[in-house]
Amino acid sequence: DAGAPPAIDPNFLDDDRDIATLRKGVRHMQRIMEAPPLTDFKPTNRHPIDMSNDHELDALIRDRADTVYHPVGTCRMGGDEGAVVDAKLKFKGLEGLYIADASIMPEIISGNTNAPSIMIGERAADFIKADLA
Numbered sequence: 001d002a003g004a005p006p007a008i009d010p011n012f013l014d015d016d017r018d019i020a021t022l023r024k025g026v027r028h029m030q031r032i033m034e035a036p037p038l039t040d041f042k043p044t045n046r047h048p049i050d051m052s053n054d055h056e057l058d059a060l061i062r063d064r065a066d067t068v069y070h071p072v073g074t075c076r077m078g079g080d081e082g083a084v085v086d087a088k089l090k091f092k093g094l095e096g097l098y099i100a101d102a103s104i105m106p107e108i109i110s111g112n113t114n115a116p117s118i119m120i121g122e123r124a125a126d127f128i129k130a131d132l133a
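Positions 1 to 133 (the numbering used here) are the ones given, in order, by the sequence shown.
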């Protein structure tokens, strides 16, 4: 159904290495918060679990972890075979289709993706106007 909202599943935590990395990070954060300089500021544990129990910690991570990651690179620009957009934002293999959002970025940038996305849209407008002239 073309009118239905898209089903998007980024598959976060599907790879055991992802959950293992987060588990290690949570335990490291706990050690930092228990260090003497921070003990006076330690927040109340809102989710009391046995932190040494991988199963309990993994369940908490799966339930509570979230991301502020801005997906990029799903339609990345480049000259190699893996890239689907050329330097003028034209989709390779389909005439008349341009892609003008953060998906064309080959890699995530170090800051917010808003300004670069606006710039990508501006460049796309320039490319489309030039092609239609």
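A virtual CB, placed ideally from N, CA and C, is assigned to each residue, including glycine.
Given the structure is predicted, the values throughout are model-derived calculations rather than measurements.
Other residues of its chain near L151: CB distance less than 8 Å, five sequence neighbours each side excluded: Not covered by the structure: residue 151. The range shown for the chain is 1 to 133.
Among P71, F127, R27 and G121, the one whose alpha carbon lies nearest that of N53: Of P71, F127, R27 and G121, the residue nearest in Cα terms is R27.
Residue range of the alpha helix (DSSP H) that includes N114: Start and end: N114 to L132.
Own chain residues within Cβ distance below 6 Å of F127, not counting five before or after: Counting only residues of its own chain and dropping the five nearest sequence neighbours on each side, F127 has a CB closer than 6 Å to the CB of K88 and L89.
Three-way DSSP call (helix, strand, coil) for F41 in this model: The answer is helix: DSSP assigns F41 an H, G or I state.
Boundaries (first-last residue) of the alpha helix (DSSP H) holding V72: Where V72 is concerned, there is no enclosing alpha helix (DSSP H), given that its DSSP letter is neither H nor E.
Close beta carbons around I104, own chain, < 7 Å, minus the five adjacent residues each side: If the five residues before and after I104 are omitted, its C-beta is found closer than 7 Å to the C-beta atoms of C75, R76, M77, V85, L89 and I120, all from its own chain and listed in chain order.
Short CB-CB distance (under 9 Å) between T74 and chain C: Included in the structure is just one protein chain, with no chain C present.
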